[in-house]
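Here's the structure we're looking at; comments come further down.
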Amino acid sequence: MSEPQDRPATTPRIEVHFDQPHRQHQPRDVLAVRYRIEGCDGEAVRALEHSVLWYTEGKGEEDLGVHFFQRITDRTAMPPAVTTGAFTTPLPQSPLSYEGFIVKVRWCVRVRIFFASGRDFVSEHVFALGRIPPARNPTTEN
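The sequence shown begins at 2 in this note's numbering and counts up by one.
What follows is the structure, given as C-alpha coordinates:
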(Lines of atoms letter the chains of each structure in order from A and count residues from 1; the text may use other names and numbers.)
(Lines give C-alpha, C1' and ligand atoms only; values in the text may rest on other atoms or scores of the structure.)
Protein backbone atom coordinates (compact mmCIF):
# COMPACT_ATOMS: atom_id res chain seq x y z
CA MET A 1 0.00 0.00 0.00
CA SER A 2 1.17 3.51 -0.70
CA GLU A 3 0.95 6.43 1.72
CA PRO A 4 -1.61 9.16 1.10
CA GLN A 5 -0.22 12.14 -0.83
CA ASP A 6 -2.19 14.71 1.19
CA ARG A 7 -0.39 14.55 4.51
CA PRO A 8 -1.57 17.05 7.12
CA ALA A 9 0.79 19.98 7.51
CA THR A 10 2.82 20.02 10.69
CA THR A 11 3.41 23.09 12.81
CA PRO A 12 7.08 24.04 12.95
CA ARG A 13 8.73 25.28 16.13
CA ILE A 14 11.30 28.06 16.10
CA GLU A 15 13.42 28.54 19.19
CA VAL A 16 15.23 31.90 19.36
CA HIS A 17 18.18 32.72 21.64
CA PHE A 18 19.17 36.34 22.25
CA ASP A 19 22.67 37.36 23.31
CA GLN A 20 21.19 39.33 26.24
CA PRO A 21 19.51 37.03 28.79
CA HIS A 22 16.64 39.42 29.57
CA ARG A 23 16.10 40.49 25.94
CA GLN A 24 16.95 44.04 26.98
CA HIS A 25 19.06 46.10 24.56
CA GLN A 26 20.19 49.69 24.38
CA PRO A 27 20.25 51.91 21.29
CA ARG A 28 23.31 51.20 19.12
CA ASP A 29 23.89 47.80 20.78
CA VAL A 30 24.67 44.96 18.42
CA LEU A 31 21.83 42.44 18.53
CA ALA A 32 23.06 38.85 18.14
CA VAL A 33 20.47 36.12 17.59
CA ARG A 34 20.66 32.36 17.10
CA TYR A 35 17.66 30.22 16.19
CA ARG A 36 16.72 26.58 15.70
CA ILE A 37 13.92 25.30 13.48
CA GLU A 38 12.18 22.03 14.29
CA GLY A 39 9.13 20.21 13.03
CA CYS A 40 9.27 20.78 9.28
CA ASP A 41 9.12 16.98 8.93
CA GLY A 42 10.42 16.72 5.39
CA GLU A 43 8.14 19.44 4.04
CA ALA A 44 9.91 21.28 1.19
CA VAL A 45 11.02 24.79 2.15
CA ARG A 46 11.10 27.40 -0.63
CA ALA A 47 12.57 30.32 1.35
CA LEU A 48 13.47 31.43 4.85
CA GLU A 49 13.47 35.01 6.13
CA HIS A 50 14.79 36.49 9.33
CA SER A 51 14.28 40.11 10.27
CA VAL A 52 14.29 42.67 13.07
CA LEU A 53 11.36 45.07 13.14
CA TRP A 54 9.30 47.34 15.33
CA TYR A 55 5.54 47.81 15.33
CA THR A 56 2.92 49.77 17.20
CA GLU A 57 -0.24 48.47 18.82
CA GLY A 58 -3.14 50.45 20.19
CA LYS A 59 -5.55 53.14 19.11
CA GLY A 60 -5.27 54.64 15.66
CA GLU A 61 -3.27 53.31 12.76
CA GLU A 62 -0.68 50.67 13.47
CA ASP A 63 2.82 51.32 12.15
CA LEU A 64 5.60 48.91 11.28
CA GLY A 65 9.23 49.49 10.41
CA VAL A 66 11.74 46.90 9.22
CA HIS A 67 15.23 47.51 10.57
CA PHE A 68 17.02 44.37 9.27
CA PHE A 69 15.89 41.81 6.69
CA GLN A 70 17.51 38.81 5.03
CA ARG A 71 15.86 36.26 2.72
CA ILE A 72 17.53 32.90 2.18
CA THR A 73 16.67 30.89 -0.93
CA ASP A 74 19.74 28.65 -1.16
CA ARG A 75 18.36 25.15 -0.49
CA THR A 76 21.61 24.09 1.18
CA ALA A 77 21.10 26.82 3.83
CA MET A 78 17.46 25.96 4.73
CA PRO A 79 15.60 23.11 6.44
CA PRO A 80 15.88 20.21 6.24
CA ALA A 81 19.55 20.61 5.21
CA VAL A 82 20.24 23.24 7.91
CA THR A 83 18.07 23.65 11.01
CA THR A 84 19.93 26.52 12.69
CA GLY A 85 20.60 30.13 11.81
CA ALA A 86 22.21 33.23 13.27
CA PHE A 87 22.61 36.91 12.49
CA THR A 88 23.78 40.17 14.02
CA THR A 89 22.71 43.74 13.41
CA PRO A 90 23.43 47.05 15.11
CA LEU A 91 20.28 48.50 16.65
CA PRO A 92 19.13 52.06 15.90
CA GLN A 93 18.65 54.93 18.32
CA SER A 94 14.87 54.87 17.99
CA PRO A 95 12.01 54.18 18.26
CA LEU A 96 12.38 52.90 21.81
CA SER A 97 10.14 50.20 23.23
CA TYR A 98 7.20 51.68 25.10
CA GLU A 99 4.28 50.20 27.06
CA GLY A 100 1.63 52.91 27.14
CA PHE A 101 -2.12 52.84 27.65
CA ILE A 102 -3.00 54.23 24.24
CA VAL A 103 -0.07 52.97 22.19
CA LYS A 104 2.70 50.40 22.57
CA VAL A 105 5.94 50.24 20.59
CA ARG A 106 7.39 46.74 20.34
CA TRP A 107 10.55 45.34 18.77
CA CYS A 108 10.83 41.73 17.64
CA VAL A 109 12.88 39.19 15.77
CA ARG A 110 10.77 37.49 13.11
CA VAL A 111 11.63 34.18 11.46
CA ARG A 112 9.41 33.19 8.55
CA ILE A 113 9.38 29.92 6.62
CA PHE A 114 7.86 29.70 3.13
CA PHE A 115 6.92 26.17 2.10
CA ALA A 116 6.77 24.89 -1.48
CA SER A 117 3.09 24.07 -0.90
CA GLY A 118 2.35 27.81 -0.67
CA ARG A 119 1.81 28.05 3.07
CA ASP A 120 4.07 29.97 5.42
CA PHE A 121 4.85 29.99 9.12
CA VAL A 122 5.83 33.08 11.14
CA SER A 123 7.42 33.15 14.59
CA GLU A 124 7.95 36.48 16.41
CA HIS A 125 10.11 36.97 19.51
CA VAL A 126 9.81 40.30 21.34
CA PHE A 127 12.71 42.18 22.91
CA ALA A 128 13.05 45.65 24.44
CA LEU A 129 15.05 48.55 23.00
CA GLY A 130 15.85 51.21 25.60
CA ARG A 131 14.59 51.54 29.16
CA ILE A 132 11.47 53.69 29.12
CA PRO A 133 9.38 52.70 32.16
CA PRO A 134 5.82 51.53 31.44
CA ALA A 135 3.11 54.17 31.65
CA ARG A 136 1.28 54.32 34.97
CA ASN A 137 -2.45 54.70 35.25
CA PRO A 138 -3.07 58.05 37.01
CA THR A 139 -6.46 56.87 38.32
CA THR A 140 -4.87 54.02 40.33
CA GLU A 141 -2.10 56.11 41.92
CA ASN A 142 -2.32 57.67 45.42
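No residue lacks a Cβ here, since even glycine has one placed at the ideal position from N, Cα and C.
- Of the candidates Tyr99, Phe116, Cys109 and Thr140, the residue whose Cα lies closest to the Cα of proline 134 is Tyr99.
- Looking at the DSSP output, threonine 85 shares a beta bridge with Arg37.
- Leucine 65 is classed as exposed because its beta carbon has fewer than 16 other beta carbons within 10 Å across all chains shown.
- Phenylalanine 122 sits buried, since 16 or more C-beta atoms from the chains shown fall within 10 Å of its C-beta.
- Distance between valine 67 and proline 139, taken at the CA atoms: about 33 Å.
- The alpha-carbon of glutamate 58 is positioned some 30 Å away from that of threonine 11.
- Under the DSSP definition of a beta bridge, phenylalanine 102 lacks any partner.
- Of the candidates Glu39, Thr89 and Ala78, Glu39 places its Cα closest to the Cα of glutamate 16.
- Exposed is the label assigned to arginine 29, since fewer than 16 other Cβ atoms lie within 10 Å of its Cβ.
- In the DSSP assignment, serine 124 falls within the beta strand (DSSP E) that extends over 121–130.
- Contact check for leucine 49 against leucine 97 fails: the beta carbons are separated by 8 Å or more.
- According to DSSP, serine 52 shares a beta bridge with Phe70 and Arg111.
- Under DSSP, the beta-bridge partners assigned to leucine 65 are Tyr56.
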